[in-house]
Amino acid sequence: IIQSDDSKLADDFAIALAQMVSCPSPQSNGDSCGKCLTCRQLEARTYSELYTLAPVSKSRQIVIGEDESDPDTMRWFRGLFHMKSASAGGVKTGIIYDADCMNDKAQNCFLKTLEEPPPSSFIIIITANPSSMLPTILSRCQSILLLRNRIGYMDKKISGIIPLLGRLVSGDQTISNAEGCASAMIALSDGLHDFAEEKIKAKWKPLFKESEYLEKAGRKQLEKRFEAAVESEYIMMRDSMLSLIHTWSAQAYMMTCGIPLDSLANPEIFPDTGNNFTPARQKKAYGMMRKSEDLLQVLRWNVNTDLALREFCMGVVFGK
């Protein structure tokens with residue numbers, strides 16, 4: 087089990103482990119060669135003995151599923167993983183991403199695979215929240231910690247909201263300022279879906295190339311999985327944007343209380359602090375932090391995002 091708060095780091099490490107156990111020509115130190123067909127296919131995620139499962143539904147849950155033909159479910163994953171190997175001597179590798187998204191039924195189903203895995207198999211579980219998983223699963227795994235203890239917000243599409251947050255704190259106390267920031271935030275939020283689709287297209291490019299050899303039903307199923315993956319990626323990006331709003335607001339308030347920039351968890355989100363975070367702005371910064379908490383809370387109840395962002399901006403500018 088890989089415990090990490092960095093999804094890309096965990097994914098890269100999982101593939102490196104898969105290459106290490108599957109490479110037919112490993113180096114003397116046990117590492118993979120990185121050059122053979124197996125290693126290259128694993129890197130492209132097209133290796134025939136690589137089976138993956140991730141939360142791709144809008145609810146971001148991994149469910150047990152009706153049967154083995156129900157895609158992107160635990161029963162579907164187990165059916166593929168226990169299928170007879172197509173290549174003699176190959177090592178099967180299963181990777182479950184965001185394993186904490188498995189509901190209780192899916193976890194109990196997965197436990198059976200851990201207790202009786204198929205021959206020559208290797209299972210990697212990735213999670214940032216192992217405490218939400220069954221103790222019976224954790225007790226059967228070897229843990230590897232890849233923790234950075236911080237969240238990064240360097241995605242250009244998401245970090246575009248940073249200057250708008252600065253305008254809310256230091257800009258004029260006018261409807262024009264509040265509405266201008268709100269409109270820009272809404273436009274950024276609306277554009278996240280297109281950006282999520284671009285990211286998934288790039289990631290799935292090797293799979294779409296392989297799909298040329300699939301029958302019509304197989305291609306249609308892949309398209310459905312792609313659409314679900316886009317929705318899942320969009321939700322993750324939207325949550326990251328909301329997290330950035332809260333983190334920026336909280337750390338802006340910390341600076342008005344005298345905490346130096348280099349002591350913050352995310353100093354990189356304040357590229358130009360200027361004189362915006364003096365004690366004189368402490369009351370407004372505190373109000374913004376509280377409004378960001380309210381924003382996160384109301385959006386948990388599926389309130390219209392545009393309306394919630396507009397109310398947030400108005401509340402910050404006018405201190406309500």
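If you use this note's numbering, the sequence shown corresponds to residues 87 to 406, in order.
Ideal Cβ placement from N, Cα and C applies to all residues, glycine included.
All of these numbers come straight from a predicted model, not from anything done at the bench.
In the three-state reduction of the DSSP assignment, Gly373 falls in the helix class. The stretch 335-344 makes contact with the stretch 372-392; the number of CB pairs closer than 8 Å reaches 3 or more. Where Ile182 is concerned, the enclosing beta strand (DSSP E) starts and stops at Lys178 to Ile182. In this structure, the alpha-carbon of Leu95 lies about 29 Å from that of Asp358. Checking the DSSP bridge columns, you'll see Met169 has no partner listed.
A check of alpha carbon separations from Ser206 across Pro221, Ser269, Gly176 and Arg324 identifies Gly176 as the nearest. According to the DSSP secondary-structure assignment, Thr222 is paired through a beta bridge with no residue.
When only Cα atoms are considered, Leu231 and Asp184 end up about 15 Å apart.
Between Lys285 and Glu319 a beta carbon distance of about 6 Å is seen, short of the 8 Å cut, so the two are scored as contacting.
Around the C-beta of Ser155, fewer than 16 other C-beta atoms lie within 10 Å, and the residue is accordingly described as exposed. With a cut-off of 8 Å on Cβ pairs, the stretch 237-248 is not in contact with the stretch 211-221, counting fewer than three such pairs. With 16 or more other CB atoms across the displayed protein chains lying within 10 angstroms of its CB, Ile150 is buried.
Residue environment analysis places Asp158 among the buried positions, since at least 16 neighbouring C-beta atoms fall within 10 angstroms of its C-beta. If only uninterrupted alpha helix (DSSP H) runs of at least 4 residues are considered, those enclosed by the stretch 259-316 are 261-296.
Leu330 and Lys302 have their alpha carbons spaced roughly 42 Å apart. In this structure, DSSP gives Phe363 a state outside helix and strand, which the three-state scheme calls coil. Within its own chain, the residues whose Cβ lies closer than 6 Å to the Cβ of Phe163, once the five positions on either side in sequence are excluded, are Leu139, listed in chain order.
The straight-line gap separating the alpha-carbon atoms of Pro110 and Pro141 is approximately 31 Å. A Cβ-Cβ separation of about 6 Å places Leu254 in contact with Val403 under the 8 Å criterion.
The Cβ-Cβ distance between Ala268 and Arg396 falls below 7 Å. Residue pairing from DSSP places Leu136 in a beta bridge opposite Thr179. Ala366 sits away from Tyr339, with the two beta carbons spaced by 7 Å or more. In this chain, Gln193 is not harboured by any beta strand (DSSP E); it is covered by the alpha helix (DSSP H) spanning Asp190 to Glu201. DSSP lists Thr213 and Leu231 as the beta-bridge partner residues of Gln89.
Per DSSP, reduced to three states, the secondary structure at Phe356 is coil, with no helix or strand assignment. Using a Cβ distance threshold of 7 Å, Met160 and Cys187 do not count as a contacting pair. Contact annotation, Leu200 with Ile181: C-beta distance approximately 14 Å; criterion of less than 8 Å not satisfied.
For the set Ile101, Gln147 and Phe356, the Cα lying nearest the Cα of Ala315 is the one of Gln147. About 6 Å separates the beta carbon of Met323 from that of Ile244, a gap short enough to meet the 8 Å contact definition. From the listed residues Gly252, Ala282 and Gln307, the smallest Cα separation to Phe363 is found for Gly252. Ser111 carries a coil assignment under DSSP once its states are collapsed to helix, strand and coil. Following the DSSP letters along the chain, one finds Lys243 inside the alpha helix (DSSP H) bounded by residues Lys242 to Ser245. For Ser145, no alpha helix (DSSP H) run applies, since DSSP gives it neither H nor E.
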